[in-house]
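Down below is the structure, laid out as structure tokens.
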Amino acid sequence: MISKKQKKIFKQRQLGAVLGLTLASLFATTLVARPQPARDNRPVDPDSLKRYSSLEQAKSQQRYVPGEVIVKYKPGLTDNAQVARTNGLGLQSSLQISRLKAVKARILTGETVEEAVERLRKDPMVEYAEPNYLYQKFAPAPNDTHWGKLWGLENTGQFLSSPSYTTNNPGTSGKDIDILNAWDVTSDCSATTVAVIDTGVNYSHEDLSANMWDGTGCVDENGTTVSGGCPNHGWDYVDDDNDPTDEEGHGSHVAATIGAVGNNNKGISGVCQTADIMAVRVIGHEGAALDDIAQGIQFAVRNGAKVINLSLGGGSTSSLMEDAIDYAESNDVVVIIAAGNSNLDLASNNIYPCELTNSNILCVAALDQDFERASFSNYDTSSQSSRSVDLGAPGTNIMSAYGNETVLSGSGAYTSWLTAGTGAAANWLSSTCGDGAESQEMLTVPDCTLYEVVFDDGSTVTTMPSSTDRRTYRNFSISSSATHVSLFHTVFAYGEDRFTAPYCWDYTRAAYSDSMGDPISGGTFLQLPDYNRGQYTTHFCEDEDTPFLASSSHYLEDCVGSTNCTVGYQVYSDSYSNHPGAFVTDITLTTWAPSNTAYSYLDGTSMAAPHVAGLAALLRAYNPDYSAADTIQKIIDGGESSTDISSTTKYGVSINADNSMRDLDQVTGVTATLQ
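Using this note's numbering, read the sequence shown as starting at 1194 and increasing by one per residue.
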């Protein structure tokens, strides 16, 4: 039996300027040459250093003008005497704050600010000495209409109504990436192109259109100029054209988490409020082909992307994938990768490209609103240095740009399903089978005994009568504007097997059509994974007494553009022997239509990765000299210890944008002008 959480996981798989502040030289005084005092060789008191360079007041983010100090003298010195004494202490007085009896001065001795402050405090005429702190305006919360739902950016302990993930909702105030304080430094990533290699991007969305990459003069994956350029902000490697529009929503959700337009009175804000998003479509309705992914990476690199988001993965390693990531690495591109949503320990399981060892990648786990690892997120308990999953980021109940998704459940005790066929002595039933915690709504034939024997300690099972062909089906009304129609279901079947294809004497089948009648007659049969035989099949039966069981999803291509989509199941038994029948549960039909104004919650490591990609873009845009390695190190160094992932990720941290941004090297030679 597949859980509701697993269904949610499936849905996610478908996939100046330093601070705008310029400080300029005030009333410079002539320097009188004096012997510089000897350096104080005693170690600086750590507590004193903490007071001036640690992160304590104002969310521990004080900063000061490099090379400058403020000195206040004890009473008794005239203004001229203060200037003279200041110059005699190896400083250059640049401003007297006469009313407060303080002097601003530049350090001429080669000392650090901390060292100079420590030395000056020991002068008997000095009342206090301190750095020339910079006080910045606090970035207010943006006016985006869904800002209060973006707990990953600002967690106030808010309760999210109609969440997609219920654990730790509400969460804990402060368990977020601390973006507001980072935005005191910059919120503009437009100098760094970020490639979203995914299902495409709805580049017309109200929160994305202004932040899309200009594809004029683009080149293909081989570096050849593309005739006509890339007017739609990227490339589509699924359909091999220049229109990477999103037909499923996943890529748009990722893109907006990275760079939705901020402060526009609409929707949400991305980690970057101003951005340069390149759309590269490599994931189609049935998944992503390896060659498309590799070409998409090459395209992104060739066209100047410095950050790539890969919210995708699979269980097989590939030399082609490795080559593509190597190519990105050799061109100094940061690649952020989702860890995967199967709750797997990568110490004994494989997910790629997460497990590649390139120096330019980070693999990201999903955290909930209390910064605990999300129940679905992959992790790694290998020895610390060998772990593939690096760190964590918000990945549950992530609100972002999406589309109009409609989830049509086939449940409700399945009472609206019709039946047809021959052999009515055994018919499909809509029933709740099992007791207590094991009870489950389902379609079953001939009765609940098969489910109860397998899952609820039943002792007898009813077999199908011979020469039976029973069908059940239901028509769903859908929007003709839907670009993606998918079915999720769990099928359990027990029919007599045979040793040659189609391997079943008695079997169950599933089919669909865009008309309203029985889809078993004239519809399209669905291929489900047969884990017993290691293949896909349209006929479901046992294999040497092992029942058929598959929980799977299907793209219903024939229903796209139609107002009807009908799903049906058949159980067939011949005249020879009798076997138990089948049951089907967790039936969900989902449609998705593009919208320029729609938003939705999604869960997944796919939602966690773009938080990190956005931070990488912030860092590289603010400091263009940063290499990929520099950027990754700043993300790691700025992370906050997160107990819940300390033993399951390499670095044991959740990202913190403010810490990473404030850890940048200070800009020197800063001056100010009095206004």
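Virtual Cβ for every residue (Gly too), placed ideally from N, Cα, C. On a predicted model such as this, the values are computed, not experimentally measured, just so you know.
Where residue i sits in the DSSP three-state scheme
i            : result
residue 1562 : coil
residue 1647 : helix
residue 1468 : coil
residue 1314 : coil
residue 1577 : helix
residue 1359 : coil
residue 1784 : strand
residue 1852 : helix
residue 1843 : coil
residue 1276 : helix
residue 1404 : helix
residue 1294 : coil
residue 1308 : helix
residue 1626 : strand
residue 1267 : coil
residue 1751 : helix
residue 1323 : strand
residue 1172 : Absent from the model: residue 1172. The displayed extent of the chain is 1194 to 1868, so no value can be given.
residue 1507 : strand
residue 1281 : helix
residue 1616 : coil
residue 1665 : strand
residue 1338 : coil
residue 1333 : Any reading at residue 1333 must be qualified, since the residue scores a pLDDT of 44, below 50, and its modelled position is unreliable; no value is offered.
residue 1349 : coil
residue 1778 : strand
Limits of the beta strand (DSSP E) - the one that residue i falls within
i            : result
residue 1685 : 1677-1686
residue 1594 : 1591-1602
residue 1501 : 1500-1503
residue 1700 : 1700-1706
residue 1723 : 1721-1723
residue 1657 : Neither: residue 1657 is in no beta strand (DSSP E) and is coded neither H nor E.
residue 1742 : 1741-1748
residue 1766 : 1757-1766
residue 1729 : 1728-1730
residue 1378 : Element bounds for residue 1378: n/a, residue is neither H nor E.
residue 1635 : 1633-1638
residue 1584 : 1584-1587
residue 1567 : Segment: none, residue 1567 is in no beta strand (DSSP E) and carries neither H nor E.
residue 1391 : 1387-1391
residue 1531 : 1527-1531
Minimum C-alpha distance to residue i - residue among the options
i            : options                : result
residue 1709 : 1736, 1760, 1735       : 1760
residue 1671 : 1612, 1631, 1600       : 1600
residue 1683 : 1745, 1720, 1366       : 1745
residue 1443 : 1313, 1737, 1652, 1791 : 1791
residue 1648 : 1476, 1630, 1655       : 1630
residue 1716 : 1758, 1675, 1700       : 1758
residue 1789 : 1535, 1694, 1597       : 1597
residue 1806 : 1785, 1412, 1527       : 1527
residue 1499 : 1321, 1410, 1808, 1369 : 1808
residue 1496 : 1261, 1690, 1473       : 1473
residue 1471 : 1493, 1421, 1324, 1422 : 1493
residue 1869 : 1703, 1656, 1688, 1675 : This structure gives no information on residue 1869, because the portion of the chain shown stretches from 1194 to 1868.
residue 1270 : 1320, 1302, 1315       : 1320
residue 1382 : 1750, 1454, 1483, 1739 : 1454
residue 1723 : 1690, 1753, 1705, 1749 : 1690
Enclosing alpha helix (DSSP H) for residue i [first to last residue]
i            : result
residue 1487 : 1483-1495
residue 1513 : 1512-1523
residue 1873 : The structure shown has nothing for residue 1873, since the chain only spans 1194 to 1868.
Residue i beta carbon near the ligand GDP (any heavy atom closer than 7 angstroms)
i            : result
residue 1812 : Among the ligands in the structure shown, none appear at all, so the ligand GDP cannot be discussed.
Residue-chain proximity (residue i, chain D), Cβ-Cβ < 8 angstroms
i            : result
residue 1373 : Checking the listed chains, one finds no chain D in this structure; it contains a single protein chain.
- Query: In chain order, which continuous runs of the beta strand (DSSP E) of length 3 or greater are located wholly inside the region 1407-1466?
  - Reply: You should have 1427-1429.
- At a cut of 8 angstroms, does the region 1375-1388 reach the region 1480-1500 through at least three beta carbon pairs? Using a C-beta cut-off of 8 angstroms, the region 1375-1388 makes contact with the region 1480-1500, since at least three inter-stretch Cβ pairs fall below that distance.
- Message: Three Cβ pairs or more, each shorter than 8 angstroms: is that satisfied between the region 1404-1419 and the region 1459-1470?
- Response: Because the criterion of three Cβ pairs below 8 angstroms is met, the region 1404-1419 and the region 1459-1470 touch.
- Are at least three pairs of beta-carbons, each pair with one atom in the region 1346-1357 and one in the region 1435-1443, less than 8 angstroms apart? These segments do not touch.
- Mind the definition here: the region 1783-1798 touches the region 1722-1742 only if three or more C-beta pairs lie below 8 angstroms; say whether that holds. With the cut-off at 8 angstroms, the region 1783-1798 and the region 1722-1742 do not touch.
- Message: Give the list of continuous beta strand (DSSP E) stretches no shorter than 3 residues that lie fully inside the region 1782-1840.
- Response: Counting only runs of 3 or more, we get nothing.
- Message: Under 8 angstroms: do the region 1556-1563 and the region 1820-1834 share three or more Cβ pairs, one atom per stretch?
- Response: No: the two stretches stay apart, fewer than three of their Cβ pairs being nearer than 8 angstroms.
- Task: Determine, using beta-carbon pairs with one atom in the region 1836-1855 and one in the region 1503-1515, whether at least three such pairs fall under 8 angstroms.
- Result: Counting Cβ pairs under 8 angstroms, fewer than three are found: no touch.
- With contact counted as at least three CB pairs below 8 angstroms, one residue from each stretch, are the region 1362-1381 and the region 1836-1852 in contact? Yes: the two stretches touch, three or more of their Cβ pairs being nearer than 8 angstroms.
- Should the region 1298-1311 be regarded as contacting the region 1265-1285, the criterion being three or more beta carbon pairs within less than 8 angstroms? They touch, by the three-pair rule.
- Query: If you pair each beta-carbon of the region 1829-1849 with each one of the region 1575-1588, do three or more pairs fall below 8 angstroms?
  - Reply: Counting Cβ pairs under 8 angstroms, three or more are found: they touch.
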